[in-house]
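In the working numbering, the protein residues as written are 854 to 1622. Glycine included, every Cβ here is placed at the ideal spot set by N, Cα and C. The structure appears right after this line, and notes come after that.
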């Protein structure tokens, strides 16, 4: 019973309402039943003379009036607004009337069995009661409670009356009412459950159908379901929109080919549909292919996929991929062409060259390639900003395209490097001269943001035989030719020659030997002392890297350091020099420090301060004895990064020096913003200060401004006693570094030189003490 009650509570409210409404539905059976009940009891009264049945007839009338009133009131209710509790109240109201009627009927039957020996009275009452119980199934299936109470109310008085009559046979017969009651109850429940399951199933099917239709209508893909005869069984709204097929309700059962070609008034696909589209669609429907991209027009590209159905036919699903195709084209264009200049990028440029060379008419002629590098382009970015630099590159690309029209294909490699391919279609014998002319014409003034910028190019070219174009070789030869141009002079054009390759190979060997030397710690260190101007105090020594090649002897630092920077191993050299300098400085007197140069590559490493701190901890050198020098040019290139790195180094107690001061741009502007302790004035300011009063004034002015910022001053490259005397006279330096006091010396000679200077003082080359 609890399970049944729980099941009733789970019935949806709208279904529950329909069941309860069925109770108040068939009014004819209500009138018929009441008439039969009253007539039967009046007949029993006439037969037996028992006034009790007249009383029961009166009860019938009152209950009938109550039920009739309930029916009329229920009819006036707004069913849509009824809550579940209100529906249950109406069910209870109906059950009360029905159970009351059956109770009176059962009492009348039980009384007849108990009080009379009249067979007619018993038969009449019991017959009407049984007939009424049978009708309960058809009328009251909508309420489990109504069935249970009405059958129980009718059967219980009859069973009690039979038992009280003390008639064994009647008693046994009355007990058979119990399975009758259970059977009636089971029948009513079965009818109700059957109807409920069908209602729920119908609702679910309707929901599924509605959801399926909604899903089809709201799909972002078009869908066509075809039967084995190529007729349309299902088509969704998106398919009609994409193919312009009109109202989809008209299409069911139509042949797809007919629909696409003739059957739809506004379709853009007609009998002139391109043969490729016809073939693709036919292959899809026949199962030859399962995917196809169809270009109906520039504004419509559809991608179809097909799946065969087990029962025959095919399902076509398609979507508008116009935006994706356009995006793919745009991505391909972006991959092929430089977004700034619109020129082919390296990879696509190589494809163009390869395609041109594969053409039959390209065989047997000389072709040319030229690379152009904008000289000093970084200064344009630094002085005018990157936006102006980008506009300059765009202007250069336009100019090169105009100059190369009909002669060459222009591409952009990277940064400020441009490349040109000369297919030499006319087989000109002076292709090298043609390259020179184009280079000369490109070196010109360019207008950017209303300003005229003078541009020169360092350029390299190579001439190749188109019969054997080795694509992997020409970039190397171009780079070699460009390197030769830069080595000779700014703005030159150099055509590749075979001897250049030999020099390039020699340089590559030198690179390999340098790498081996760095790996084997073969870089040695000498020290250039820095003295007080009077020559009595050796305060610091600058560590200078040296490389002695096993075959070539001593390699100049300006050569192997440049090579190391190209190879990206200059930081390894810096670390080796720094570690050796710290170890050597530990053996010198406490008053002497050591200075080590940092390159621009070192400043780019965020862990530089950690490396320096680790080396200091490893060697045990006090941070105050270590000086780190950075060139002014490296500060200009990496100003923001350099400031952060130098701040961390200075926080360790290390002295920071600017080397080669005065050779960069806007030098003095950096002194107030960077963590600088010492400025080393470049040797170019000392040269000829005895002969040129203006140079001496310039030196004194720089010194005055620098000292005003409480920054120490070291003057480099002091070589003569006359220079030393002028520096002393005008108090231009805190320390002197140069051959006037000492050449670079070994670490072991530093202490002896310091003692000599302290005792006797050093004398400049001109005899100045």
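Environment of residue 1270 [buried if 16+ CB atoms lie within 10 Å]: buried
Residue 1437 to residue 1268, Cα distance in whole Å? 43 Å
I'd like to confirm the pairing. Which residues does DSSP put opposite residue 1408 in its beta bridges? 1400
Candidates 1588, 935, 930 and 1560, of which the one nearest residue 868 by Cα: 935
Contained alpha helix (DSSP H) runs [length at least 4] in the segment 1194-1219, N- to C-terminal order: 1199-1211
By DSSP's criteria, residue 1271 is part of a beta bridge. Which residues make up the other side? 1225 and 1265
What's the C-alpha gap between residue 1624 and residue 1013? It is not possible to answer for residue 1624, since the shown part of the chain is limited to 854 through 1622.
What did DSSP end up calling residue 1102 once you bin it into helix, strand or coil? helix
Taking C-alpha atoms, which residue in 1477, 1383 and 1435 lies nearest to residue 1502? 1477
On the three-state DSSP scale, how would you describe residue 1422? coil
Residues bridged to residue 1446 by DSSP? 1393
Can you check DSSP and say which residues form a bridge with residue 1311? 1226
In angstroms with no decimal places, state the Cα-to-Cα distance between residue 1443 and residue 1431. 18 Å
Measuring only from the beta carbon, is residue 1556 closer than 7 Å to any heavy atom that is part of the ligand ATP? For the ligand ATP, the structure offers nothing, since it holds no ligand at all.
Use the C-beta contact count for residue 975: other C-beta atoms within 10 angstroms, 16 or more gives buried, fewer gives exposed. buried
Is the segment 1449-1465 close to the segment 1497-1513, with three or more CB pairs under 8 Å? yes
Evaluate contact between the segment 1305-1318 and the segment 1223-1230, counting only Cβ atoms and requiring at least three cross-stretch pairs below 8 Å. yes
Tell me the DSSP bridge mates of residue 1297? 1308
Got a sec? Which residues, its chain only, sit under 6 Å from residue 893 by beta carbon, not counting five neighbours each side? 977 and 981
Whole-number beta carbon distance between residue 1152 and residue 1175, since they are thought to touch under 8 Å: 6 Å
Entirely enclosed beta strand (DSSP E) segments - the segment 1520-1601, minimum 3 residues: 1531-1534 and 1565-1568
Taking all protein chains shown into account, do 16 or more other C-beta atoms lie within 10 angstroms of the C-beta of residue 1212, making it buried, or fewer, making it exposed? exposed
Since I believe residue 1529 is in contact with residue 1542 (beta carbons under 8 Å), could you give me their beta-carbon distance rounded to a whole number of angstroms? Not quite, the Cβ-Cβ distance comes to about 24 Å (not below 8 Å), so this is no contact.
Based on DSSP bridge pairs, tell me the residues matched to residue 1167. 1079 and 1161
Taking the alpha-carbon positions, what's the residue 1334 to residue 1260 distance? 21 Å
Which listed residue (1424, 1612 and 1103) has its alpha carbon closest to that of residue 1456: 1424
Within the same chain, show all residues whose beta-carbon is closer than 8 Å to that of residue 1614, passing over the 5 residues directly before and after it, in chain order. 1387, 1388, 1389 and 1622
What would DSSP say about residue 1337, mapped onto helix, strand or coil? helix
According to DSSP, residues forming a beta bridge with residue 1374: Answer by DSSP bridge pairing: none, since residue 1374 is not bridged.
Mind checking residue 1021: buried by the 16 CB within 10 Å criterion, or exposed? exposed
Just how far apart, CA to CA, sit residue 1182 and residue 1523? 48 Å
Taking only the alpha-carbon atoms, compute the straight-line gap between residue 1297 and residue 1371 and give it to the nearest angstrom. 44 Å
Which residues does DSSP list as the beta-bridge partners of residue 836? Summary: the structure shown does not reach residue 836, with the chain confined to residues 854 through 1622, and so no result is reported for it.
If residue 1347 sits next to residue 1359, beta carbons under 8 Å apart, how far is it from one beta carbon to the other, in whole angstroms? Not confirmed; about 17 Å, so no contact.
Report buried or exposed for residue 1446, applying the criterion of at least 16 other Cβ atoms within 10 angstroms of its Cβ. buried
Can you tell which of 1592, 1101 and 1191 has the C-alpha that lies nearest to the C-alpha of residue 1091? 1101
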